[in-house]
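Everything on this sheet refers to the single structure shown next.
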DNA sequence: ACAGAAAACGAACGGTCGTACTATTCTGCG
DNA sequence: CGCAGAATAGTACGACCGTTCGTTTTCTGT
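Protein chains in written order, with this note's numbering: chain A, 1 to 217; chain B, 218 to 434.
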């Protein structure tokens, strides 16, 4: 992976092939964001990257592998854009709120022009067995687990009721995010974001502890 | 298929062509439910219905028209399966609850094997200008309006707070439905349904009037 | 029963799809 | 510099795509 001759630049140079591969994935994620993973076609992508069909194809064993790789790349960016920065906030409600705020419209922050690729993949391959469905189901499980962890911590800081059903909370939280993505194109992003944040506030309030405990620390 | 002149049955027989067209749309909606509208291909559909490609094609001017027709048919079934029966419940919370209960898993009740076609279309064509996007956006607006009407009635019966932000309520309600569809394939339909109904109960409770008013009538 | 209309068919089109194969060009190390 | 191996290009393939068109079959109204 890491490669270097003279480390003149901060970023380590990969071998040429990996660099090209990264460029392809960049284009692929962009395309998937705009028109779904089913629109990831070898020819279109080759044209977009300036490669020949066969040259591009050689980087992945098959179209399916390319799609999965693009999904992985999208997930990597999601983590990088949403979760990692939110870890700087103190655990508990602050961090959970940071996650939600970054979750809403993360694609824009990540430079994607369309919607959330992971959600797109989820909708596209829900009922179609294959490598893509397996990959996307795996990603969704990971996401749910990480959200649950953040919620659990918020319970532990006393900012949510001790008897909070964490999975139920995550379910409702994810619903808000989905509604946000769904509504965005219809009523404008700002409005959708405001509605989503309001909904999140109401959700937190409805799970508030009986007698608000002092926050730890 | 079946054909007759004398109207011995209650249902008036359409001309042969319209009957075939209906069969095609039946197959198309089924297919869209299972694998999305982008999977609606002339060849596949012809094979499914036992028609020739050109024979099928003649019923619609283009693939795009076929897709839109399939979406319209799906929407018709949605109304038939979800809204119309719920109108029998008295206006207010009872009717709203009936709508939600029928909304969850309506595809199964309508005989579809996959997910909700309308939601699939929504995800697929969000960012792709064209006839399909226009059609699906229109459907979504109609749906939001009808949900808002049911919620508004519930406010008027005093079962929701008088200062309820109806659009916000619909936003959150729709999020629950989306989360249900999204979670269903991951954790099983029963579990997802239970979570969705619990979330709906919590949503209603969180918008409860300050001092619960007596229900009208 | 028959004529005219409607419906369905069959073949063909130019394209694009994913994927093999081989050939060429480039890159990085000794 | 030269050479091995990686990276990319080129070409060809069979399959399917949506669509067109002319023909044939089936229906329908009288």
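Glycine included, C-beta positions come from ideal geometry on N, C-alpha and C.
Along chain A, in chain order, which residues have C-beta atoms closer than 7 angstroms to that of residue i?
i: residue 337 (chain B); result: 123
i: residue 400 (chain B); result: 171
i: residue 412 (chain B); result: 168, 171
i: residue 357 (chain B); result: 186
i: residue 251 (chain B); result: 127
Could you tell me which chain B residues have their CB closer than 7 angstroms to the CB of residue i, listed as they occur along the chain?
i: residue 108 (chain A); result: Simply none; closest approach about 13 angstroms.
i: residue 114 (chain A); result: 344
i: residue 74 (chain A); result: Per Cβ cutoff of 7 angstroms: no residues; residue 74 (chain A) is ~15 angstroms from chain B at best.
i: residue 137 (chain A); result: 403
Name the chain B residues that come within less than 9 angstroms of residue i, Cβ to Cβ?
i: residue 206 (chain A); result: 419, 420, 422, 423
i: residue 23 (chain A); result: None at all; the shortest Cβ gap to chain B is about 22 angstroms.
i: residue 38 (chain A); result: 253, 255, 256, 341
i: residue 199 (chain A); result: 385, 388, 389, 392
i: residue 131 (chain A); result: Under the 9 angstroms cutoff, chain B gives no residues; its nearest Cβ is about 16 angstroms from residue 131 (chain A).
Where do the N-terminal and C-terminal ends of the alpha helix (DSSP H) with residue i fall, by residue?
i: residue 299 (chain B); result: First-last for residue 299 (chain B): undefined, no H or E at that position.
i: residue 399 (chain B); result: 383 to 404
i: residue 320 (chain B); result: 310 to 320
i: residue 334 (chain B); result: 334 to 342
i: residue 159 (chain A); result: Unbroken run through residue 159 (chain A): none, as it is neither H nor E.
i: residue 326 (chain B); result: 323 to 326
Applying a beta-carbon distance threshold of less than 8 angstroms, which residues of chain A neighbour residue i?
i: residue 393 (chain B); result: 172, 175
i: residue 303 (chain B); result: Simply none; closest approach about 21 angstroms.
Listing by chain order, which chain A residues have their CB less than 9 angstroms from the CB of residue i?
i: residue 365 (chain B); result: Simply none; closest approach about 13 angstroms.
i: residue 311 (chain B); result: Within chain A, no residue comes near residue 311 (chain B); the closest Cβ sits about 23 angstroms away, beyond 9 angstroms.
Find the residues of chain B that neighbour residue i, judging by a C-beta separation of less than 8 angstroms, and give them in chain order.
i: residue 179 (chain A); result: 388, 389, 391, 392, 395
Touch test, the segment 275 to 288 of chain B against the segment 139 to 158 of chain A, Cβ-Cβ under 8 angstroms, three pairs minimum: no
Stretch-stretch touch, CB-based, cutoff 8 angstroms, three pairs: the segment 90 to 105 of chain A with the segment 47 to 54 of chain A: no
Alpha helix (DSSP H) segments (min. 4 residues) lying fully within the segment 238 to 280 of chain B: 259 to 266, 270 to 274
Stretch-stretch touch, CB-based, cutoff 8 angstroms, three pairs: the segment 410 to 421 of chain B with the segment 169 to 176 of chain A: yes
Three-pair Cβ contact test at 8 angstroms for the segment 26 to 45 of chain A versus the segment 103 to 120 of chain A: yes
Three CB pairs or more closer than 8 angstroms across the segment 15 to 32 of chain A and the segment 62 to 74 of chain A: yes
Stretch-stretch touch, CB-based, cutoff 8 angstroms, three pairs: the segment 344 to 351 of chain B with the segment 300 to 307 of chain B: no
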